[in-house]
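In order, the protein sequence lines correspond to chains A and R. Each step along the first sequence adds one to the number in my numbering, with nothing skipped, and position 154 is 154. Every position in the second sequence, counted from 1, becomes a number in my numbering once 1000 is added.
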Amino acid sequence: MFDILYQPWPWYVAGPIIGLTVPVLLLLGGKMFGVSANLRHACAACNFGNVEFFNYDWKKAGKWNITFLVGSVLGGFLGGFVFANPEPIALAQSTIADLQAMGIQDFNGLVPDDLFTWGALGTVPGLIVLILGGFLVGFGARYAGGCTSGHAISGLSDLQLASLIAVIGFFIGGLLMTWFIYPIILS
Amino acid sequence: MKFSEYLKYLLIGTAFGFVLMKSEVVSWFRIQEMFRFDAFHMYGIIGLAVVVGIISVQIIKRNNMKDAQGNPISIPPKDASQVKRYLIGGSMFGLGWALLGACPGPMFALLGSGLTIMVIPILAALAGTYTYGILRDKIPH
Chain A
1 MFDILYQPWP WYVAGPIIGL TVPVLLLLGG KMFGVSANLR HACAACNFGN VEFFNYDWKK
61 AGKWNITFLV GSVLGGFLGG FVFANPEPIA LAQSTIADLQ AMGIQDFNGL VPDDLFTWGA
121 LGTVPGLIVL ILGGFLVGFG ARYAGGCTSG HAISGLSDLQ LASLIAVIGF FIGGLLMTWF
181 IYPIILS
Chain R
1001 MKFSEYLKYL LIGTAFGFVL MKSEVVSWFR IQEMFRFDAF HMYGIIGLAV VVGIISVQII
1061 KRNNMKDAQG NPISIPPKDA SQVKRYLIGG SMFGLGWALL GACPGPMFAL LGSGLTIMVI
1121 PILAALAGTY TYGILRDKIP H
């Protein structure tokens, strides 16, 4: 009976649940779903340089969202630690072959040990992935006014043209990175 | 905010983080697979999430529904005339999303799963957000 908590969930189960986050937050609190705003709230909480963009009442604006984010960490603990799936991800064979050709060796967890360990931080690819990757996510999300949740889920749910443009941007960047830049980083 | 309010958002966030893990959306491998067009998995998840989102937002709007506190639900429109901002900012986000294999939600869910190295990209993302705040007036929007 508890198998379902350990097993991976198919897309047609997970997709609707993620989509329901939008009306649940709207109906229960009038809030618009978006995770990356929390990064701005955190900057506003310790705005040591007195940057104008971070001069606002972050507690008033962001308490609910920061609480949501703490919940996401807890959900990650439950779903990825307590009820962790012991099996490797059922990835497409072509993806495995491509990644092996690029030098990725570990396919056991949710992320490859080749890049996501403290030891990898001492390698050039690990450094680029963890630091430049994180930096671009943070910079790009605020520049675009939202991330995957704010634009691809919330914004598209509200049929916002701006969000559609942003999602097209997500894919322009993602495809460039995957097909042209990543092979250079890992070589 | 009252304690029950905190508990409410904590529980919704917990459910969200749990689904992110179970659907493997948090996986660097799944993001690689998506951008290589090797599997339908990620497209199915995002696509169905958007379909459910569109239907629910339409129901909420057409019925002028109110939230649990009795306030009218208003969704602020985004200014689509700022094409540069969405296209350039979006592309930069996409470069980071594919590189790190995680967007903001998954970064924190992965940290919760015990992957302590995620502290580094989270700090880098904060640095990126802060840098945007400094440069905001100097870059095209």
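Yeah, the Cβ is synthetic: ideal placement off N, Cα and C, and Gly gets one too. Just so we're clear, the structure is a prediction, and the values are computed from it rather than from any experiment.
By alpha-carbon distance to A:G174, the top candidate from A:L159, A:V137, A:G150 is A:V137. Between R:Q1058 and A:D158, the alpha-carbon positions lie close to 8 Å from each other.
R:K1066 carries a strand assignment under DSSP once its states are collapsed to helix, strand and coil. Of all residues in the segment 160–172 of chain A, the ones placed with a Cβ closer than 9 Å to any Cβ belonging to chain R are Q160, L161, A162, S163, L164, I165, A166, V167, I168, G169, F170, F171, I172, in chain order. About 6 Å separates the beta carbon of A:L74 from that of R:G1017, a gap short enough to meet the 8 Å contact definition. Put simply, of R:G1094, R:M1001, R:K1008, R:M1021 the residue whose alpha carbon is nearest the alpha carbon of A:W9 is R:M1021. Taken atom to atom, the span from the alpha-carbon of R:W1028 to that of R:M1107 is near 11 Å. The beta-carbon distance between R:P1104 and A:V35, rounded to whole angstroms, is 4 Å. This is short enough to meet the 8 Å contact definition. Contact check for R:G1089 against A:G15 fails: the beta carbons are separated by 9 Å or more. Between A:T67 and R:I1117, the CB-CB gap reaches or exceeds 9 Å. Neighbours of A:F77 across chain R, judged by C-beta separation under 7 Å: G1112, S1113. When 8 Å is used as the limit between beta carbons, R:R1062 is near no residue of chain A, the shortest such separation being about 13 Å.
Around the beta-carbon of R:M1034, 16 or more other beta-carbon atoms lie within 10 Å, marking it buried.
Counting C-beta atoms within 10 angstroms of its own C-beta, A:C46 has fewer than 16 neighbours from the protein chains shown and is therefore classed as exposed. Among the CB atoms of chain A, none fall inside 9 Å of the CB of R:K1138. It is roughly 32 Å from the alpha-carbon of A:F135 to the alpha-carbon of A:Y12. Note that the C-beta distance between A:V24 and R:L1100 is not below 9 Å. For the segment 123–143 of chain A, residues whose beta-carbon sits nearer than 8 Å to a beta-carbon of chain R comprise I128, V129, L130, I131, L132, G133, G134, F135, L136, V137, G138, F139, G140, A141, R142, Y143.
Between the segment 101–108 of chain A and the segment 1064–1082 of chain R there are fewer than three C-beta pairs closer than 8 Å, too few to call the two in contact. Proximity of A:S187 to chain R, defined by a Cβ-Cβ separation below 9 Å, is not satisfied.
Contact between R:L1111 and A:G76 holds: CB atoms are separated by about 7 Å, below the 8 Å threshold. Interface criterion met: the Cβ of R:K1022 is under 9 Å from a Cβ in chain A. Counting of Cβ neighbours within 10 angstroms places R:F1040 among the exposed residues, the total staying below 16.
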